[in-house]
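What follows is a short report on a single structure.
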Amino acid sequence: MADSSHRDTDHPKRRILPPFSVLSVSSVVKNFAMSSAKPGKLVVVSGPSGVGKSTVVREVLAECGGRVKLSVSATTRPPRPGERDGVDYHFLSDAEFRRRREAGEFLECIEVFGRGHWYGTLWDEVRSSLAGGKWVLLEIDVDGAADVVRQFAEAVTIFIRPESLAELERRLRSRQTDSEDAIQRRLAVARHELQLADRYEYQVVNVTVPEAVRDICEILRSRGLEA
Ligand code: 5GP
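Right, here's the structure in full:
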């Protein structure tokens with residue numbers, strides 16, 4: 000007599016995927032042995048710090064309704080004023096981040112800005128949502144994005160650009176959250192990221208937030224997101 004538990008043994012639900020493996024969303028769904036008729040997709044959004052990604056992403060989520068969910072990243076950087084743990088980021092100590100990294104809890108993680116601050120996407124933020132048919136939006140840097148695409152070839156990739164570097168610098172300064180040193184580092188990273196923008200399937204220039212939101216929603220619909 001067939002024993003249904005074999006299926007779980009063959010496809011363990013909590014299999015930790017090795018980095019850099021090519022794996023489609025549908026095989027993740029099979030690993031969960033769940034029955035969502037239409038699996039979700041990963042949507043990777045990158046862009047230089049200060050370009051207005053968070054605002055655009057927030058509006059996209061509001062516009063697209065419940066089918067798109069934001070993955071809350073983990074980071075070791077301290078919260079900025081007004082940022083909330085579990086909402087803007089999961090703020091972790093260095094030790095806790097390392098423990099989770101060694102336990103294989105990250106889909107991707109990376110040290111951004113070369114200053115000892117780690118950022119990463121937790122599998123927990125992604126796996127069950129995809130299996131449940133949600134589109135999961137990752138707001139991550141260019142190196143993390145490359146890692147995700149290596150693992151999820153079907154991910155939709157979008158790069159948000161500033162109108163110019165001068166405009167980006169103006170935005171960074173107007174935030175008044177970073178030291179001069181931090182602004183210069185962010186601008187240096189931005190130059191590097193802009194050079195890699197053509198790795199992305201789509202580039203959206205953030206001239207105004209409503210236009211950028213409309214463009215991104217159009218991209219998602221063109222890739223199969225139902226209205
Ligand atoms: P911020 O400190 O301004 O919130 O973010 C700094 C940079 O880290 C941004 O470029 C952001 O996209 C990136 N970032 C945020 N979360 C993640 C993540 O989970 N993974 C990676 N690779 N980068 C992230």
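Note that numbering that gives the first Met the number 0 has the sequence shown beginning at 0, numbered continuously upward. For glycine and all other residues, C-beta sits at the position ideal for the given N, C-alpha and C.
(message) Whether or not the segment 179–188 and the segment 117–126 are in contact is what I'm after, with contact meaning three or more pairs of Cβ atoms, one per stretch, closer than 8 Å; do they touch?
(response) Result no; under three Cβ-Cβ pairs closer than 8 Å.
(request) Work out the CA separation of residue 105 and residue 67 for me, nearest whole Å. (result) The straight-line gap from Cα to Cα measures roughly 20 Å.
(request) Could you tell me the boundaries of the beta strand (DSSP E) in which residue 232 lies? (result) Past the edges of the chain, shown from 0 to 226, lies residue 232, and the structure says nothing about it.
(message) Taking 7 Å as the cut-off, is the C-beta of residue 111 nearer than that to any heavy atom in the ligand 5GP?
(response) The beta carbon of residue 111 sits closer than 7 Å to at least one heavy atom of the ligand 5GP.
(message) Could you check if residue 218 belongs to the surroundings of the ligand 5GP, using beta carbon to heavy atom distance under 7 Å?
(response) Incorrect: residue 218 has no Cβ contact closer than 7 Å to the ligand 5GP.
(request) To the nearest angstrom, report how far apart residue 92 and residue 75 are at their CA atoms. (result) For the pair residue 92 and residue 75, the Cα-to-Cα distance works out to about 6 Å.
(message) Short of 6 Å in beta carbon distance, which residues of its chain neighbour residue 138, apart from the five on each side in sequence? Order them along the chain.
(response) Within the same chain, residue 138 has close Cβ partners 44, 52, 56.
(message) If you measure between the beta carbons of residue 211 and residue 40, is that distance less than 8 Å?
(response) Using a Cβ distance threshold of 8 Å, residue 211 and residue 40 do not count as a contacting pair.
(message) Going residue by residue through the segment 144–218, where are the continuous alpha helix (DSSP H) segments of at least 4 residues, counting only ones entirely within it?
(response) Correct list: 164–174, 179–194.
(message) Please report the straight-line C-alpha distance between residue 193 and residue 47, rounded to a whole angstrom.
(response) Put simply, the backbone Cα of residue 193 is about 8 Å away from that of residue 47.
(request) From the DSSP output, in three-state form, read off residue 43 for me. (result) Strand, per DSSP.
(request) Output the distance between the C-alpha atoms of residue 37 and residue 132, rounded to the nearest integer angstrom. (result) Residue 37 and residue 132: Cα-Cα distance of roughly 6 Å.
(message) Could you tell me the alpha carbon to alpha carbon distance between residue 215 and residue 151, rounded to whole angstroms?
(response) Computed Cα separation, rounded: 20 Å.
(request) May I ask you to check if the CB of residue 139 is nearer than 7 Å to at least one heavy atom of the ligand 5GP? (result) For the ligand 5GP, a non-hydrogen atom lies closer than 7 Å to the CB of residue 139.
(request) Report the option in 222, 221, 226, 209 whose CA atom is closest to the CA atom of residue 58. (result) The shortest Cα separation from residue 58 among 222, 221, 226, 209 belongs to 209.
(request) With DSSP as the reference, label residue 91 as helix, strand or coil. (result) Three-state result, residue 91: coil.
(message) Which of the three DSSP states is assigned to residue 84 in this structure?
(response) Correct three-state label for residue 84: strand.
(request) Out of 73, 122, 221, state which residue places its alpha-carbon closest to the alpha-carbon of residue 86. (result) Scanning 73, 122, 221 for the CA closest to the CA of residue 86 turns up 73.
(request) Could you say which of 171, 144, 163, 130 lies nearest to residue 157 if we only look at CA atoms? (result) Looking at the Cα atoms, 144 is the closest of the given residues.
(message) What does DSSP give as the partner residue(s) for residue 73 in the beta ladder?
(response) Note: residue 73 sits in a beta bridge opposite 89, 119.
(request) Just tell me which of 141, 196, 50 has its CA closest to the CA of residue 108. (result) The residue with the shortest Cα to Cα distance from residue 108 is 141.
(message) Run through the DSSP bridge pairs and tell me what residue 105 is partnered with.
(response) Answer by DSSP bridge pairing, in chain order: 121.
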